[in-house]
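Take a look at the structure below.
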Amino acid sequence: MEKELSLQLTQNIHEENQLLKASVGYLKAELNKYKELPLLVCDVKKNIHNKAIIRVANGNHFCVNVAANIQLESGDTVLVEQKSLTVVQKLDHTKSFDVDNFLILEKPSVLWESLGGLDEQIKEIKEVVELPLNNPELFKKIGIEPPKGVLLHGAPGTGKTLLAKAVATSTNTTFIPIVASELVQKFIGEGAKLVKDLFQLAKEKAPSIIFIDEIDALASQRMETGTSGEREVQRTLIQLLTEMDGFKNTPNIKVIAATNRIDTLDPAILRPGRFDRIIEFPLPSKEGRKQILSIHTKNMNLSSIDFEELLEKTHSFSGAELKAVCTEAGYYAIRDNRETIFTSDFLKAVEKIQPNINYEENSLEMFG
Ligand SMILES: Nc1ncnc2c1ncn2[C@@H]1O[C@H](COP(=O)(O)OP(=O)(O)O)[C@@H](O)[C@H]1O
Ligand SMILES: [Mg+2]
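First residue of the sequence shown: 1, per the working numbering; consecutive thereafter.
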């Protein structure tokens, strides 16, 4: 009996010992994690024999060794050792954003009819973009140069992107959209090169329209050029202006930029020969709202809607917000198991979708 007990005890102690050993091992491994130097995340620019050209976060390039059995391609993201910058591991599924992949060509199909309340803006863009692209001879005969760049400005959701796509559709041109804020965030050290590529591509695919959204991210006046990031943005902007100043004999490329912060723009970009046509997108008037609502309810199954009340209650709604009202109204009907939409659905939707008042206040300040 006693012998059995002591055997049991030994067994328990043995088990506990095992457990503690495992726990010590675990803690040691954890401790080692704290001691280890971090690896740097870099992009592979080029693969040459057993070496690779990598780009580190600050934009500098290095030619480094690669650990055995790692197959690299340019564009891969890798981990490198801090001191020697030797590539020790390749990261999966994070093939980095390559300049070539960033530029996407589009053939938009936005018809003029799908724009509501923008008659003036349509007229103007037709004059400065459509007419010169479709009829360059006319401008030669008359002896004037059509503008190269057009700036669209106004609150978010007022149809700036839509208008740019509509003019690309009507002129059947290649549409090359880029978002300036992405340009400066994703391509540290390469913004200027991307701009060069952008114009090169536009030339190859001409007639074409380059659409630069959120241009304020690139051309903000209050930018202090202290940090390297800011200098980088500045370089990218200078490249953009250089490209625009440069293309005199390529009337079949137009640059359209958009912003909702025109107050912050560097006046340099508005100089003649650059973005010297400015088209404002105000919030839609009552008539404009009527047109926009009719566009976005075209395929909806409406029971006699009191549009008058709706129009009164959507003062200071943007086109995008009006579209959201229509979608939301449809959802109220769905939740109610109905297939027709009532005025009450729209009114509830209007309550839910509150307009972006902040912008209106700001813009009132801005434009007086
Ligand atoms: N004037 C408008 N007419 C019809 N739809 C509009 C209008 N303005 C905005 N919208 C709707 O809102 C969406 C977003 O508009 P968008 O053109 O991207 O605005 P912005 O570029 O000015 O921020 C459009 O795709 C469209 O569905
Ligand atoms: Mg837009």
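Beta carbons are placed, not taken as given, at the ideal position from N, Cα and C, and that holds for glycine. A quick note: this is a predicted structure, and the numbers were derived from the prediction, not measured.
Distance, residue j Cα to residue i Cα
{"i": "Lys148", "j": "Leu183", "result": "21 angstroms"}
{"i": "Pro355", "j": "Ile292", "result": "15 angstroms"}
{"i": "Gly342", "j": "Gly59", "result": "Note on residue identity: the sequence assigns Phe, not Gly, to residue 342. Straight-line Cα distance between these residues: approximately 57 angstroms."}
{"i": "Thr94", "j": "Glu145", "result": "In this prediction, Thr94 scores a pLDDT of 45, lower than 50, which makes its location untrustworthy; no coordinate-derived value is stated."}
{"i": "Gly229", "j": "Lys298", "result": "47 angstroms"}
{"i": "Glu360", "j": "Ser170", "result": "With a pLDDT of only 49 at Glu360, under 50, the local geometry of the prediction cannot be trusted, and no value is derived from it."}
{"i": "Ser363", "j": "Ala155", "result": "Unreliable placement is indicated for Ser363, whose pLDDT of 47 sits below 50; no coordinate value is reported for it."}
{"i": "Phe247", "j": "Ile178", "result": "19 angstroms"}
{"i": "Asn47", "j": "Asn65", "result": "10 angstroms"}
{"i": "Arg271", "j": "Lys313", "result": "40 angstroms"}
{"i": "Leu265", "j": "Ala219", "result": "6 angstroms"}
{"i": "Leu241", "j": "Gly273", "result": "9 angstroms"}
{"i": "Met366", "j": "Arg261", "result": "Here the model assigns Met366 a pLDDT of 44, short of 50, so the residue's position is not dependable and the matter cannot be decided."}
{"i": "Ala164", "j": "Lys126", "result": "11 angstroms"}
{"i": "Ile215", "j": "Ala67", "result": "42 angstroms"}
{"i": "Gly143", "j": "Val150", "result": "20 angstroms"}
{"i": "Leu37", "j": "Glu16", "result": "34 angstroms"}
{"i": "Ala206", "j": "Thr173", "result": "7 angstroms"}
{"i": "Leu40", "j": "Asp76", "result": "14 angstroms"}
{"i": "Ala202", "j": "Arg338", "result": "49 angstroms"}
{"i": "Trp112", "j": "Leu138", "result": "23 angstroms"}
{"i": "Thr259", "j": "Gln234", "result": "18 angstroms"}
{"i": "Ala168", "j": "Leu31", "result": "60 angstroms"}
beta-carbon residue i near ligand 1 non-hydrogen atom, thresh 7 angstroms
{"i": "Leu162", "result": "yes"}
{"i": "Ala320", "result": "yes"}
{"i": "Pro355", "result": "no"}
{"i": "Ile256", "result": "no"}
{"i": "Asp290", "result": "One point to set straight first is that residue 290 is Lys, not Asp, in the sequence displayed. Not so, every heavy atom of ligand 1 lies at least 7 angstroms from the Cβ."}
{"i": "Gly116", "result": "yes"}
{"i": "Pro177", "result": "no"}
{"i": "Ile144", "result": "no"}
{"i": "Glu247", "result": "Inspection of the sequence shows that residue 247 is occupied by Phe rather than by Glu. False, no ligand heavy atom lies under 7 angstroms from that Cβ."}
{"i": "Ile122", "result": "no"}
{"i": "Phe281", "result": "yes"}
{"i": "Gly189", "result": "no"}
{"i": "Thr158", "result": "yes"}
{"i": "Ile295", "result": "yes"}
{"i": "Pro147", "result": "no"}
{"i": "Pro251", "result": "no"}
{"i": "Pro132", "result": "no"}
{"i": "Pro108", "result": "no"}
{"i": "Gly154", "result": "yes"}
{"i": "Pro284", "result": "yes"}
{"i": "Lys313", "result": "no"}
{"i": "Lys323", "result": "yes"}
Assigned exposure category for residue i - 16 Cβ within 10 Å defines buried
{"i": "Lys352", "result": "exposed"}
{"i": "Asp345", "result": "buried"}
{"i": "Glu190", "result": "buried"}
{"i": "Lys28", "result": "exposed"}
{"i": "Thr10", "result": "exposed"}
{"i": "Ile269", "result": "buried"}
{"i": "Ala57", "result": "exposed"}
{"i": "Ser208", "result": "buried"}
{"i": "Lys141", "result": "exposed"}
{"i": "Val80", "result": "buried"}
{"i": "Gln71", "result": "exposed"}
{"i": "Arg277", "result": "buried"}
{"i": "Gln121", "result": "buried"}
{"i": "Lys3", "result": "exposed"}
{"i": "Glu321", "result": "buried"}
{"i": "Val370", "result": "Residue 370 falls outside the range modelled here, since the chain spans only 1 to 368, and no answer is possible."}
{"i": "Thr340", "result": "exposed"}
Integer Cβ distance of residue i from residue j, believed to fall under 8 angstroms
{"i": "Lys107", "j": "Phe175", "result": "7 angstroms"}
{"i": "Val255", "j": "Ile295", "result": "Not confirmed; about 28 angstroms, so no contact."}
{"i": "Leu152", "j": "Leu115", "result": "That belief does not hold up - the Cβ atoms of Leu152 and Leu115 are roughly 12 angstroms apart, past 8 angstroms."}
{"i": "Gly319", "j": "Thr158", "result": "6 angstroms"}
{"i": "His49", "j": "Arg55", "result": "Actually they do not touch by this definition, with Cβ atoms about 19 angstroms apart."}
{"i": "Gly117", "j": "Ser285", "result": "6 angstroms"}
{"i": "Ile253", "j": "Ile210", "result": "7 angstroms"}
{"i": "Val350", "j": "Leu302", "result": "Not really, about 15 angstroms apart at Cβ, beyond 8 angstroms."}
{"i": "Cys42", "j": "Ile53", "result": "Not confirmed; about 10 angstroms, so no contact."}
{"i": "Glu232", "j": "Val195", "result": "The Cβ separation is near 12 angstroms, so there is no contact."}
Residue i CB to nearest heavy atom of ligand 2 below 7 angstroms
{"i": "Asp266", "result": "no"}
{"i": "Asp197", "result": "no"}
{"i": "Asp216", "result": "no"}
{"i": "Asp213", "result": "yes"}
With a floor of 4 residues, list each alpha helix (DSSP H) that falls wholly inside the segment 101-183, ordered by position along the chain.
119-125, 131-134, 136-142 and 160-171, all fully within the segment 101-183.
Could you give the uninterrupted runs of the alpha helix (DSSP H) lying entirely in the segment 251-331, keeping only those of 4 residues or more?
The qualifying runs are 286-296 and 307-313.
Restricting to runs no shorter than 3 residues, where is the beta strand (DSSP E) found entirely within the segment 4-73?
Listed in chain order, they are 40-48, 51-55 and 61-65.
Beta strand (DSSP E) segments (min. 3 residues) lying fully within the segment 187-211
Listed in chain order, there is nothing to give.
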